[in-house]
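Asker:
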Amino acid sequence: MRIRRAGADDAGALALAGAATFLETFAGILHGRDIVEHCRKQHAPQVYADWLDDAGAALWLAETAEGAAPVGYAVIAPPKLPLHDLSEDDLELKRIYLLSRFHGGGVGRELMEQAVAEARVRGARRLLLGVYAGNTRALAFYARNGFEHVGERRFQVGGNTYGDAILALDLRR
Numbered sequence: 008m009r010i011r012r013a014g015a016d017d018a019g020a021l022a023l024a025g026a027a028t029f030l031e032t033f034a035g036i037l038h039g040r041d042i043v044e045h046c047r048k049q050h051a052p053q054v055y056a057d058w059l060d061d062a063g064a065a066l067w068l069a070e071t072a073e074g075a076a077p078v079g080y081a082v083i084a085p086p087k088l089p090l091h092d093l094s095e096d097d098l099e100l101k102r103i104y105l106l107s108r109f110h111g112g113g114v115g116r117e118l119m120e121q122a123v124a125e126a127r128v129r130g131a132r133r134l135l136l137g138v139y140a141g142n143t144r145a146l147a148f149y150a151r152n153g154f155e156h157v158g159e160r161r162f163q164v165g166g167n168t169y170g171d172a173i174l175a176l177d178l179r180r
């Protein structure tokens, strides 16, 4: 397994990993039509190409060592979260996903370490994220990585709205 900084030609691989991990994570939890619509819009290659072109964003791709199949990724970018104390020196972990087959092997932790290190290099005071409030596995992962609950938001997936927790990691500690 290897993790590397994603480049301009990785939009397709990121989109594939994004849609696959979203489907795997939420199939049986969210309505199927909502998942398909969400992936069609939010995991289109152009979404990732736009992030890759944005100097404010950083992306990492986790790949199998043999064949370089995309199995996970992480994205940080300027935040777009409904927090009253949001500031210019905050960053948001927009996405961090890994196929479940690769959970428990340290790849998720390494993706998180890359994102946190980049946020520190950029001088961010906090790394923020939104996570589905019913995703207990993800909430536990974030808690193990030092994130704390700081708010809530409503998140649209397809035709339905779901509750997200907003978490923050204080990078000044």
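Note that our numbering numbers the sequence shown so that position 104 is 111, with each residue one more than the last. C-beta atoms are modelled at their ideal positions from N, C-alpha and C, and glycine is treated no differently.
1. Around the Cβ of HIS110, are there at least 16 other Cβ atoms within 10 angstroms (buried) or fewer (exposed)?
2. Thinking C-alpha only, which one of ARG151, GLU99, LEU59, SER94 is nearest GLY115?
3. So THR28 packs on GLY74, CB below 8 angstroms; how close in whole Å?
4. Return the CA-CA distance between LEU30 and LEU23, expressed in angstroms with no decimal places.
5. Indicate the three-state DSSP secondary structure (helix, strand or coil) for LYS87 in the structure shown.
6. Taking its Cβ as the centre, do 16 or more other Cβ atoms sit within 10 Å of ALA147, making it buried, or is it exposed?
7. Taking the C-alpha atoms as reference points, what is the distance between ALA56 and ALA65?
8. What does the alpha-carbon distance come out to for the pair ARG129 and ALA145?
9. How is the beta strand (DSSP E) around GLU155 delimited, first residue to last?
10. Taking buried to mean at least 16 other C-beta atoms within 10 Å of its own C-beta, is GLU70 buried or exposed?
11. Quick check on this structure: which residue in ASP92, TYR149, PHE162 has the alpha carbon closest to the alpha carbon of ARG132?
12. By alpha-carbon positions, which one of ARG12, ASP97, ILE36, PRO52 ends up nearest to ALA140?
13. Here's the rule I'm using: 16 or more other beta-carbon atoms within 10 Å means buried, otherwise exposed. How should GLU95 be labelled?
14. Give me the residue from LEU88, ARG9, TRP67 with the minimum Cα distance to LEU98.
15. Quick check on ALA56: does DSSP put it in helix, strand or coil?
Answerer: In brief:
1. Working through the sequence shown from its first residue, we reach residue 110 at position 103. With fewer than 16 Cβ atoms within 10 Å of its Cβ, HIS110 is classed as exposed.
2. On the sequence shown, position 108 is the one that residue 115 refers to. With distances taken between Cα atoms, GLY115 lies closest to ARG151.
3. Here residue 28 corresponds to residue number 21 of the sequence shown, with the count starting at 1. Here residue 74 corresponds to residue number 67 of the sequence shown, with the count starting at 1. Contact flag wrong, Cβ pair sits at about 18 angstroms.
4. Numbered from 1 along the sequence shown, position 23 holds the residue referred to as residue 30. Numbered from 1 along the sequence shown, position 16 holds the residue referred to as residue 23. About 11 angstroms.
5. Along the sequence shown, read from residue 1 onward, the residue named residue 87 stands at position 80. DSSP places LYS87 in coil when its eight states are reduced to three.
6. Reading the sequence shown from its first residue, position 140 is the one you call residue 147. Exposed is the call here.
7. Indexing the sequence shown from 1 puts residue 56 at position 49. Indexing the sequence shown from 1 puts residue 65 at position 58. Approximately 12 angstroms, taken between the alpha carbons.
8. Residue numbering aside, residue 129 sits at position 122 when the sequence shown is read from its first letter. Residue numbering aside, residue 145 sits at position 138 when the sequence shown is read from its first letter. Cα to Cα, ARG129 sits roughly 25 angstroms from ALA145.
9. Locating residue 155 in the sequence shown gives position 148, counting from the first residue. Looking at the DSSP string, the run of the beta strand (DSSP E) that includes GLU155 is 155-164.
10. Along the sequence shown, one-based indexing puts residue 70 at 63. Counting Cβ neighbours within 10 Å, GLU70 comes out buried, since at least 16 surround it.
11. Sequence index remark: in the sequence shown, residue 132 carries index 125 (1-based). Here the closest residue by C-alpha is ASP92.
12. As a working mapping, residue 140 is identified with position 133 in the sequence shown. The shortest C-alpha to C-alpha distance from ALA140 to any of ARG12, ASP97, ILE36, PRO52 is the one to ILE36.
13. Here residue 95 refers to the residue found at position 88 when the sequence shown is read from its first residue. When all chains shown are included, GLU95 counts as exposed.
14. Working through the sequence shown from its first residue, we reach residue 98 at position 91. When only C-alpha atoms are compared, the closest one is LEU88.
15. Working through the sequence shown from its first residue, we reach residue 56 at position 49. Here ALA56 sits in helix by DSSP.
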